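The structure under discussion appears below in the form of structure tokens.
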Amino acid sequence: MASWQWFHRLGSPRWFYEKTGGWLPWLTAVALVLLVLGTVWGLAFSPEDFKQGNSYRIIYIHVPAAFLALAGYYIMAVCGAVGLIWRMKLAFMVMKSAAPIGAGLTFVSLVTGAIWGKPTWGTWWAWDARITSMLILFFLYLGIMALQSAFQNREAADKASAILALVGTVNIPIIYKSVDWWYTLHQPATLKLTSAPTIHASMLYPLLTMVVAFYVFYAVVLLLYTRHEILRRESRTGWVRELIAKEGGL
Amino acid sequence: MTAETSSRAMTGTFGATLRRDLLLAARHPGDWINPLVFFLIAISLIPLGVGPESKVLAVLAPGVLWVMALLATLLSLDGLFRSDFEDGALEQCLVSPSLLYFTVLAKVVAHWLVTGLPLTLLSPVLGLMLSLPGGYGTLCLSLLIGTATMSLVGAVGAALTVSLQRGGLLLSLIVMPLYVPILIFGASAVNDAAQGVEVGVPLAILGAFLALALALAPMAASAALRVCVDSD
């Protein structure tokens, strides 16, 4: 089964650490270039919205953060499933690293949404369907982080939070649909989002650039967190000791 | 083992566990009375907080009754597996040849019979105290289905936190977000009924949640028990 060899190799934290060490500078460079390009393009060169004025420009942060907050949950849950099924240590390390990043991005999207809401809707907080769903996603992340940190035994912590992440995965579509239904039922008509359903190309391209930039940025942060987790967990193994001796640290 | 004997073994496990847990609950009445007292006291605090005006209370009643029933269920969940874990009975269940699914299901059914069912029966009285204008039947029916679903989903959280010393608060943290859909449809069914609107849709969806939880939650709880009991 030669085609599966990469998969088994991926399970080795050492192989992962050494491989990603080479990718990291490139990914960081790409993320920085895209972030600067998207930010400058979006904030300075894309046209003003005729209804919302300049305040709409926060979507260049808000929308990519919200995308990744949700995608991050699924990345975390898939890693948890891989760890449970193939007993892959590395998958649990990625899963543990993905939780705080996802929670951070969810928080960013909530805060930027509130800042956007003040000039647009005239209020910092509204129980809008998407805001409420995001808030509950934030709670799900917090629960996983709390469960992970509550266990003394690392293996139990990994497996328990993986099970919780999978239970959450089943629940997320149900929660989203329920909150949608709940929102349409109560119909607070005064707080309608005013932007048109279609977005002009001059605004869309910088937004897409930012979405890609956030994905690359997410990958960089996830790699950094995971590499840190690998070093912490493998600190007693030979290769980490050699690495420390070579780098001259500690 | 033939199909017949194995199915008899399953119902045997289910029945024996159910009988044992009900007997234990009968001998420790505090376990099932305390959530009811919590429900009663918490509901009584609402008028003290928002004022005794029956118009205001009538608007709040469906949501408040549902939120408080949810909290009362949460509080009672911590003990679902804890005492069995501490005296070693849970390990015996894990090593026994019968399916863990049925053991977990029996424990959940017993838990629902001693908490969810009494909460449901108490709710019309508390609805009267909050001057709920109507829909008492819907209140009971929605709580009957909803508390069963909450016991099932909560069992996953109880299993995940069973080996932790101070798992109670953590259990609430991880389970509460999962209760959101149940709360939304349960409270809105009561709201609709109080206003005299047709309630078939939210009740049917609550029933669908129960069916889904019945199939999946005991499996997730079994997996969680295997992880948490084996490792400690």
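First to last, the protein sequences are chains W and H. Just so you know, the working numbering puts 462 at position 19 of the first sequence, and the rest follows in order with no gaps. Just so you know, the working numbering puts 1031 at position 224 of the second sequence, and the rest follows in order with no gaps. Using N, Cα and C, we set each Cβ at its ideal position, and we do this for glycine too. The model shown is predicted, which means the values in this text are computed figures rather than measured ones.
Min CB distance residue i to chain H below 7 Å
i, result
"ALA688/W", "no"
"PHE582/W", "yes"
"GLY586/W", "yes"
"VAL610/W", "yes"
"ALA603/W", "yes"
"SER498/W", "no"
"ILE615/W", "no"
"ALA524/W", "no"
"ALA599/W", "yes"
"LEU548/W", "no"
"TRP625/W", "yes"
"THR633/W", "Below a pLDDT of 50, predicted positions are generally treated as unreliable, and THR633/W, at 42, falls in that range; no measurement from the model is reported."
"ARG676/W", "no"
"LEU590/W", "yes"
"SER552/W", "no"
"LEU486/W", "no"
"SER621/W", "yes"
"ALA593/W", "yes"
"ILE618/W", "yes"
Those residues which DSSP pairs with residue i across a bridge
i, result
"ASP1037/H", "ASP1037/H is not bridged to any residue."
"ASP492/W", "GLY496/W"
Any C-beta of chain W under 7 Å from that of residue i
i, result
"VAL963/H", "yes"
"ARG826/H", "no"
"VAL1034/H", "yes"
"ILE981/H", "yes"
"VAL987/H", "yes"
"ALA1001/H", "no"
"ILE991/H", "yes"
"PRO984/H", "yes"
"LEU977/H", "yes"
"ALA1020/H", "no"
"ALA865/H", "no"
"ALA1078/H", "The structure shown does not extend to residue 1078/H, since chain H is modelled only from 808 through 1039, so no value can be given for it."
"ALA1011/H", "no"
Cβ neighbours of residue i in the same chain (closer than 7 Å, five flanking residues each side left out)
i, result
"ALA823/H", "none"
"TYR460/W", "ARG670 and ILE673"
"LEU478/W", "ALA656 and PHE660"
"ALA943/H", "One point to set straight first is that residue 943/H is Tyr, not Ala, in the sequence displayed. PRO931 and GLY934, listed in sequence order."
"ALA965/H", "LEU884, ASP885, LEU887, PHE888 and LEU978"
"SER645/W", "SER489 and PRO490"
"GLY953/H", "ILE989, GLY993 and LEU1013"
"LEU634/W", "For LEU634/W, the pLDDT reaches just 42, beneath the cut-off of 50, and the residue's location in the model is therefore unreliable, although a value from the coordinates is still provided. The answer, listed in chain order, is TRP564, ALA569 and ASP571."
"VAL683/W", "LEU674 and GLU677"
Reference residue i; option with closest CA among the options
i, options, result
"PHE488/W", "ALA474/W, ILE606/W and TYR503/W", "TYR503/W"
"MET519/W", "ILE528/W, ALA509/W and MET536/W", "MET536/W"
"PRO616/W", "LEU453/W, VAL483/W, TYR516/W and TRP466/W", "TYR516/W"
"PRO562/W", "GLN495/W, TYR584/W and ALA509/W", "GLN495/W"
"PHE821/H", "ASP999/H, GLU893/H, LEU907/H and LEU881/H", "LEU907/H"
"ASP885/H", "LEU976/H, GLY895/H and MET957/H", "LEU976/H"
"THR818/H", "GLY1014/H, SER979/H and VAL911/H", "VAL911/H"
"PHE581/W", "VAL610/W, GLY547/W and ILE606/W", "GLY547/W"
"LEU939/H", "TYR986/H, GLN1002/H and LEU855/H", "GLN1002/H"
"ARG827/H", "GLY837/H, SER970/H and ASP891/H", "ASP891/H"
"MET531/W", "ASN596/W, LYS620/W, LEU453/W and GLY681/W", "LEU453/W"
Contacting residues, own chain, Cβ-Cβ under 8 Å from residue i (five flanking each side not counted)
i, result
"VAL664/W", "ILE544"
"ALA1024/H", "VAL915, LEU959, VAL960, ALA962 and VAL963"
Same chain, Cβ closer than 6 Å to residue i, five either side skipped, listed in chain order
i, result
"ASP623/W", "ALA572"
"ALA833/H", "none"
"ALA996/H", "THR945, SER949, VAL1006, PRO1009 and LEU1010"
"GLY526/W", "ALA534, PHE535 and ALA605"
"GLY611/W", "LEU583"
Residue i and residue j closer than 7 Å at C-beta
i, j, result
"ALA542/W", "MET588/W", "yes"
"LEU1017/H", "SER930/H", "no"
"PRO854/H", "LEU882/H", "no"
"ALA876/H", "LEU926/H", "yes"
"TRP559/W", "ILE501/W", "yes"
"GLY523/W", "ILE981/H", "no"
"ALA603/W", "LEU967/H", "yes"
"GLY858/H", "ALA994/H", "no"
"ALA913/H", "LEU825/H", "yes"
"PRO456/W", "GLU677/W", "yes"
"ALA599/W", "VAL1034/H", "yes"
"SER552/W", "ALA509/W", "yes"
"ILE840/H", "TRP625/W", "no"
"GLY481/W", "MET653/W", "yes"
"THR880/H", "MET936/H", "no"
"ALA512/W", "THR549/W", "yes"
heavy atom of the ligand PLP below 6 Å from residue i C-beta
i, result
"TRP529/W", "Absent from the structure shown: the ligand PLP. Ligands present: none."
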